[in-house]
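Trainee: Right, I'll just put the structure down here and ask away after.
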């Protein structure tokens, strides 16, 4: 069916004719390559009337035009016919319907530019905002009233320049416009733009679900810490761990209320797992006879390799896991000076031989995540833009490698990050502060990548993402979670303390059970199916927001090195 004979085209033609009649803009009835319309005057009677205070005279006209604008919204939003939309672009229709919201609540802005095609449906965008909160653009987000005023002013200037510049051009068949339409920016998952955008903050106070009453308190604390370059508040991270500075600024009653408002993470350890752990870590092999020697622990560890007939598959898997992580510890305790607690034990030896195994083996055996250990590059932090700080802080910010990294096989997303701050027998508060600063920045970068990828595929629940990490200092390893509730929320799930001597092995039971519960939480997050809405309009708006965020400016190029002999005297 030709474009001019389709029902949608007839509705558009009728609506455009009505708007042309009232708006005073002369346009051709049917665009064709041979037509060369001349715009005599770009009149804006409604804007002029509003500024002059003559709004009441246009009340009947506003209600009449509202129905025509609604027809255009339905046509452009419902039809998949791109040829109809291109016909609208070629005719360079300019709708100057800028009445106050009380008279005209639905507006359509058809922007026909030489370098892009962009449609903005305020009514459709309000539907998305109402269902999922305001969509964020980053730190530079302004209020709706300010953004609408700024866009209206820019739109007036662009329209005036566009009409004056194209006064002598043919509207249809312009080679420059036709070529520019084919140059759409790519939004591929493999592009570096998504990693460059991940370094920016995606925090937005308009998307708060749980901590609505605590965001003003966080903003006050952030203002107090603006001169502290090591404060996580500079990156919009709200640390709700018990020993954080923000928590110390709250009263006990406020902190209890904050903890009670957290989302409930339902992760139940199977009862068969609990029985296996309690049986292994009990203080006696035979009832009434406590374990007095390391030999008793050796026999108990070797018994984990014995598979009984009544053992289920999950029980067998857990026994193999415990044997793999406890055997290096037991072998270390057999030496006169255990490696794990030796004065010359290095960070690399402790982490690679003992500590990381508890988490990397669990991620591999129970979730099936791909993991790497010891100075693994973090892709989400690779393109992080650094601060202009001194050389000490600059070294911290440039650190973009972790001691443990796990990613999903299906999506390639980096979900789990681990850091160890120094050897277990040498306390180093400087190393502790540096690695703690480095870990939360890596977690924030990984969380941004997860949200951007969910936004690109049209998942309206893109903000319901989380990343996980572990932070080791001395013999304790803390389990951490970062998620977003307007700001980035940084919380501690639990901790595991590795025994420094064989006589303390039984104290690891509570930590191992907490670790298994933590792994269950990670598995729920990994197995979560991407929820894509059926509403095509919402998906397209999410893709547009994704494109706006990922189009970041490139990092400044480095200064070229001066070769030998090129120095000027």
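Residue numbers (UniProt numbering): 1 to 569. Backbone N, C-alpha and C define an ideal beta-carbon position, used for all residues, glycine too.
(1) Along the beta strand (DSSP E) that carries residue 238, what are the first and last residues, could you check?
(2) By a C-beta neighbour count over all protein chains shown, 10 Å radius and 16 as the cutoff for buried, is residue 212 buried or exposed?
(3) Shortest alpha-carbon distance to residue 249 belongs to which of 218, 279, 262 and 263?
(4) First and last residue of the beta strand (DSSP E) that includes residue 488?
(5) My understanding is that residue 447 touches residue 470, with C-beta atoms under 8 Å, so please give their C-beta distance in whole angstroms.
(6) Using a Cβ-Cβ distance under 9 Å, would residue 447 count as near chain B?
(7) Taking DSSP's pairing of strands, which residues face residue 402 in a bridge?
(8) Mapping DSSP to helix, strand and coil, what is residue 44?
(9) Taking the C-alpha atoms as reference points, what is the distance between residue 419 and residue 323?
(10) Give me, in chain order, the residues of the same chain whose beta-carbon lies closer than 6 Å to that of residue 139; leave out the 5 immediate sequence neighbours on both sides.
(11) So, for residue 230: in the same chain, excluding its five sequence neighbours on each side, which residues have a beta-carbon less than 7 Å away from its beta-carbon?
(12) Quick one, are the C-beta atoms of residue 262 and residue 491 less than 9 Å apart?
(13) So for residue 225, helix, strand or coil by DSSP?
(14) Where do the ends of the alpha helix (DSSP H) carrying residue 521 lie?
(15) Would you call the segment 403–422 in contact with the segment 363–370, where contact means no fewer than 3 C-beta pairs closer than 8 Å?
(16) Just verifying my parser: in three-state terms, what is the DSSP assignment at residue 366?
(17) Quick check on this structure: which residue in 357, 382 and 233 has the alpha carbon closest to the alpha carbon of residue 374?
(18) Helix, strand or coil, according to DSSP, for residue 131 in the structure here?
(19) So, for residue 570: in the same chain, excluding its five sequence neighbours on each side, which residues have a beta-carbon less than 7 Å away from its beta-carbon?
(20) Could you say if the segment 317–336 and the segment 470–485 meet the contact criterion of at least three C-beta pairs nearer than 8 Å?
(21) Tell me whether residue 337 is buried or exposed, calling it buried when 16 or more other Cβ atoms sit within 10 Å of its Cβ.
(22) Identify the residues that DSSP records as bridge partners of residue 248: which are they?
(23) Alpha carbon to alpha carbon, what distance is there between residue 326 and residue 515?
(24) Going by Cα to Cα distance, which pick from 453, 192, 255 and 238 is closest to residue 484?
(25) My output table needs one value for residue 212: the three-state DSSP class, helix, strand or coil.
(26) Per DSSP, what are the beta-bridge partners of residue 351 in this structure?
(27) Report the rounded CA-to-CA distance for residue 244 versus residue 221, giving the unit in angstroms.
(28) From 428, 312 and 421, pick the residue whose C-alpha is nearest to that of residue 439; which is it?
(29) Please report how far the alpha carbon of residue 368 lies from the alpha carbon of residue 510, in whole angstroms.
(30) Nearest to residue 427 by CA position, among 487, 346 and 276, is which residue?
(31) Here's the rule I'm using: 16 or more other beta-carbon atoms within 10 Å means buried, otherwise exposed. How should residue 278 be labelled?
(32) Could you tell me the boundaries of the alpha helix (DSSP H) in which residue 432 lies?
(33) Which of helix, strand or coil does DSSP assign to residue 473?
(34) For residue 209, is the classification buried or exposed, using 16 other Cβ atoms within 10 angstroms of its Cβ as the cut-off for buried?
(35) Along the alpha helix (DSSP H) that carries residue 330, what are the first and last residues, could you check?
(36) What number of angstroms, rounded off, separates the C-alpha of residue 463 from the C-alpha of residue 451?
Mentor: Put simply:
(1) In this chain, the beta strand (DSSP E) harbouring residue 238 covers 237–239.
(2) With fewer than 16 other Cβ atoms from the protein chains shown falling within 10 Å of its own Cβ, residue 212 counts as exposed.
(3) In terms of Cα proximity to residue 249, the closest of 218, 279, 262 and 263 is 218.
(4) Per DSSP, the unbroken beta strand (DSSP E) holding residue 488 starts and ends at 487–497.
(5) The pair is not a contact, with the Cβ atoms about 16 Å apart (cut-off 8 Å).
(6) The structure shown contains no chain B, having only a single protein chain.
(7) Residue 402 is bridged to 376.
(8) With a pLDDT of only 44 at residue 44, under the threshold of 50, the placement of this residue in the model should not be trusted; the figure read from the coordinates follows. It is coil, neither helix nor strand.
(9) C-alpha of residue 419 to C-alpha of residue 323: approximately 24 Å in a straight line.
(10) For residue 139, the predicted structure reports a pLDDT of 38, less than 50, and the residue's modelled location is therefore unreliable. A value from the coordinates is still provided. The beta carbon of residue 139 sits closer than 6 Å to those of 201, all from its chain and outside the five residues before and after it, given in chain order.
(11) Once the five neighbours on either side are set aside, the close Cβ partners of residue 230 are 433 and 437.
(12) In this structure, residue 491 lies closer than 9 Å to residue 262 by Cβ.
(13) Note: residue 225 maps to coil in three-state DSSP.
(14) Per DSSP, the continuous alpha helix (DSSP H) segment holding residue 521 begins and ends at 509–526.
(15) Counting Cβ pairs under 8 Å, three or more are found: they touch.
(16) Reduced to three states, the DSSP call for residue 366 is helix.
(17) Closest in alpha carbon position to residue 374, among 357, 382 and 233, is 357.
(18) Because the pLDDT at residue 131 is just 41, under 50, the model does not fix this residue reliably, and the value given afterwards should be weighed accordingly. Looking at residue 131 - three-state DSSP - the assignment turns out to be helix.
(19) No statement about residue 570 is possible, as the shown extent of the chain runs from 1 to 569 and does not include it.
(20) Here the segment 317–336 does not lie against the segment 470–485, with fewer than 3 beta-carbon pairs under 8 Å apart.
(21) Around the Cβ of residue 337, a 10 Å sphere holds fewer than 16 other Cβ atoms; the residue is exposed.
(22) None, per the DSSP bridge assignment.
(23) Rounded to whole angstroms, residue 515 to residue 326 spans 14 Å at the Cα level.
(24) Measuring from the Cα of residue 484, the nearest candidate turns out to be 238.
(25) Taken through DSSP and simplified to helix, strand or coil, residue 212 comes out as coil.
(26) Among the bridge pairs identified by DSSP, residue 351 is matched with none.
(27) Taking C-alpha positions only, residue 244 is separated from residue 221 by approximately 12 Å.
(28) If we check each option's Cα against that of residue 439, 421 comes out closest.
(29) Roughly 24 Å between the two C-alpha positions.
(30) Of 487, 346 and 276, the residue nearest in Cα terms is 346.
(31) Flag for residue 278 reads exposed.
(32) Residues 429–456.
(33) In this structure, residue 473 counts as strand in the three-state DSSP scheme.
(34) Exposed.
(35) Counting along the chain, the alpha helix (DSSP H) containing residue 330 begins and ends at 313–333.
(36) C-alpha separation (whole angstroms): 6 Å.
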